[in-house]
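Numbering (the working numbering), first residue to last: 2 to 179.
Built from N, CA and C at the ideal position, the CB exists for glycine as well.
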């Protein structure tokens with residue numbers, strides 16, 4: 002059983018590495034963002050059935066669909082939600098997910114904010130968190146946020162992070178319309 006678990010872990014690690022290293026082939030389609038984000042939230046919540054994380058959703062009504070690769074974007078949001086759940090740990094906390102129209106560099110789109118009440122990110126690590134293989138977790142491999150960054154970049158979007166150590170972190174993802 003122990004060997005089988007280690008083989009599965011290594012297989013997952015190799016798959017994630019190959020997916021990160023391989024150029025993305027996007028399968029773009031107009032999709033509403035809210036159901037995609039909700040699927041990613043459910044996936045992570047199901048992995049943490051005993052968590053005491055309270056999810057607050059604040060979605061603006063009538064948001065336009067976005068041209069995106071649904072599988073890749075769902076993976077990006079899953080990674081962000083997983084980090085938030087892990088940051089809050091077994092003690093729980095609040096995960097705020099907000100979605101609203103936004104403008105970035107003269108482009109209109111949708112901004113998705115993912116804010117947790119976890120331990121936050123130390124200022125000295127903020128410039129490194131999107132680097133491949135950078136991790137502060139004992140069991141982590143450091144690909145989650147670099148995969149997020151790559152997927153969002155491939156969609157001509159952006160990811161910004163802010164953090165107040167001891168009070169949580171906030172990731173803002175911008176995805177352009179059209």
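When only Cα atoms are considered, residue 115 and residue 27 end up about 24 Å apart. Under the criterion of beta carbons closer than 8 Å, residue 119 and residue 77 do not qualify as touching, at roughly 19 Å.
According to the DSSP assignment, residue 102 belongs to the beta strand (DSSP E) that extends over 94-105. Distances from the CA of residue 62 to each of 49, 52 and 101 were compared; the closest alpha carbon is that of 101. One Cα belongs to residue 48, the other to residue 131, and the distance between them is close to 23 Å. The beta carbon of residue 108 is closer than 7 Å to those of 177 in its chain, skipping five residues each way along the sequence. Check the Cα spacing between residue 83 and each of 54, 67 and 110: the tightest is with 54. Taking the Cα positions, residue 4 is about 29 Å away from residue 81. Take the alpha-carbon of residue 105 and the one of residue 51: they are about 38 Å apart.
When DSSP states are grouped into helix, strand and coil, residue 59 belongs to the strand group.
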